[in-house]
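Enquirer:
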Amino acid sequence: MDHTSPLQKQYLRKLRSERRRVLFFRIFLAVAFFCLWETAARLEWIDSFFFSSPSKVASTFLSMWKDGSIFLHVGITLSETLISFFLVVVLGLAAALILWLCTPISQILEPYLVVLNSLPKSALAPLLIVWLGANFKTIIVAGMSVAIFGTILNLYTGFSETSKDKIKLIYTLHGTKKDALFKVVLPSTIPLVISIMKVNIGLCLVGVVIGEFIGARNGLGYLIIYGSQVFQLNLVITSIIILCVIAMLLYGILSLAEKHYLKRL
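Residue 1 is where the sequence shown starts when you use full-length UniProt numbering, and the numbers rise one by one after that.
What follows is the structure, encoded as structure tokens:
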């Protein structure tokens with residue numbers, strides 16, 4: 001038996017209507033953009049050699065699909081991104097916990113973390129190539145370098161801003177810092193961790209592409225550099241669009257995980 005009140009049903013209908021409206025306009029904007037792009041290229045408002053067109057991008061994608069090269073390059077970029085993302089999450093959590101557990105260490109290292117987070121990561125990529133060589137490991141480190149320091153700072157800030165009253169209550173009940181960590185700090189910061197992960201998955205993808213620009217022979221970043229060097233700009237734009245799709249899918253997966261967790265609360 002449905003116990004939902006009429007006002008609740010009206011509110012739920014309004015929410016569903018709002019979601020459909022947002023989805024419609026998202027799809028409409030994407031379709032309108034590609035239609036305008038194709039029209040501009042066909043009517044020669046823009047030079048399709050430099051700006052390509054949706055039809056040329058689709059043709060390039062299909063040719064890469066047929067020869068199988070798209071699977072190689074997407075697979076390499078995706079694997080590098082996921083590995084760097086996993087390492088950022090694990091190492092970022094571990095470092096933030098150490099800083100929270102040991103206040104003197106956090107006071108010493110915090111300004112250095114701020115400086116490292118402020119560095120332009122694209123400037124580090126050539127140094128990483130010199131130090132580590134042009135290999136898979138270097139690209140993973142490049143992907144991590146974009147997100148790791150910001151992750152540590154944001155997580156540490158989140159841990160530090162956890163309710164002081166709840167932590168005092170733990171200590172009042174003769175609990176230890178370990179009890180405060182596992183019963184208050186970590187449970188209350190899970191939404192923050194997921195939110196940071198949603199940002200980091202895109203940052204890791206950016207870092208990996210920067211690494212591939214300089215030290216790779218495969219991957220979507222390599223295709224972008226190669227295509228620009230030989231003036232195959234259809235290949236460049238196709239690779240960029242594929243990167244956008246990958247970023248959207250990865251972000252969407254983490255958003256679904258966040259919604260699933262919030263429903264369980």
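By construction, the Cβ of each residue, glycine as well, lies at the ideal position given by its N, Cα and C atoms.
Here the structure is a predicted model, which is why all the values come from computation and not from measurement.
(1) What first and last residue would you give for the alpha helix (DSSP H) that runs through residue 266?
(2) Hey, would you say LYS178 sits closer than 9 Å to LEU254, going by beta carbons?
(3) In angstroms with no decimal places, state the Cα-to-Cα distance between LEU223 and LEU78.
(4) How about GLY143 and GLY68: do their beta carbons lie closer than 9 Å?
(5) Specify the secondary structure class of VAL230 as computed by DSSP and reduced to three states.
(6) Pick out the complete alpha helix (DSSP H) segments inside the segment 1-84, 4 residues or longer, and give them in chain order.
(7) Using CA coordinates, which residue listed in VAL245, ILE241 and LEU262 is at the minimum distance from PRO54?
(8) I need the DSSP call for LEU220, collapsed to helix, strand or coil.
(9) Using the Cβ count rule (16 or more neighbours within 10 Å means buried), how would you classify LEU29?
(10) Does DSSP classify GLU161 as helix, strand or coil?
(11) Quick one: what's got a C-beta closer than 6 Å to ALA180's C-beta in the same chain, skipping five residues either side?
(12) Assuming contact is defined by CB atoms lying nearer than 9 Å, are ASN200 and SER59 in contact in what I supplied?
(13) How many angstroms separate the CA atom of LEU97 from the CA atom of ILE237?
(14) Ignore the nearest five residues each way along the sequence and tell me which others in PHE50's own chain have a CB closer than 7 Å to its CB.
(15) Let me check you understand the geometry: is the CB of LEU250 closer than 8 Å to at least one non-hydrogen atom of the ligand NAP?
(16) Give me, in chain order, the residues of the same chain whose beta-carbon lies closer than 8 Å to that of PRO126; leave out the 5 immediate sequence neighbours on both sides.
(17) Need the endpoints of the alpha helix (DSSP H) that THR103 sits in, please.
(18) Taking 6 Å as the limit between beta carbons, can you name the residues of its chain near LEU128, skipping five residues before and five after?
(19) For PHE71 and GLN8, what's the separation of their Cα atoms in angstroms?
(20) In three-state terms, what does DSSP make of ASN154?
(21) With a CB to CB cut of under 7 Å and the five nearest residues on each side skipped, what residues in its chain are close to THR162?
(22) So is SER145 buried or exposed if we call it buried at 16+ other beta carbons inside 10 Å?
(23) When you compare the segment 150-159 with the segment 216-231, are there three or more beta-carbon pairs, one atom per stretch, that lie closer than 8 Å?
Expert: Checking against the coordinates, here is how it stands:
(1) Residue 266 is absent from the structure shown; the chain starts at 1 and stops at 265.
(2) No. Outside cutoff.
(3) 14 Å
(4) no
(5) coil
(6) Counting only runs of 4 or more, we get 6-42, 48-51 and 54-67.
(7) ILE241
(8) Looking at LEU220 - three-state DSSP - the assignment turns out to be helix.
(9) exposed
(10) If DSSP states are grouped into helix, strand and coil, GLU161 belongs with coil.
(11) ILE167 and ILE170
(12) no
(13) 41 Å
(14) Closer than 7 Å at Cβ, skipping near neighbours: LEU233.
(15) Inclusion of the ligand NAP in the displayed structure is not the case, the ligand content being empty and no account of it being possible.
(16) For PRO126, the CB contacts under 8 Å within the same chain, skipping 5 residues up- and downstream, are ILE214 in chain order.
(17) 103-118
(18) THR138, VAL141 and ALA142
(19) 47 Å
(20) helix
(21) VAL184, VAL185, SER188 and THR189
(22) buried
(23) no
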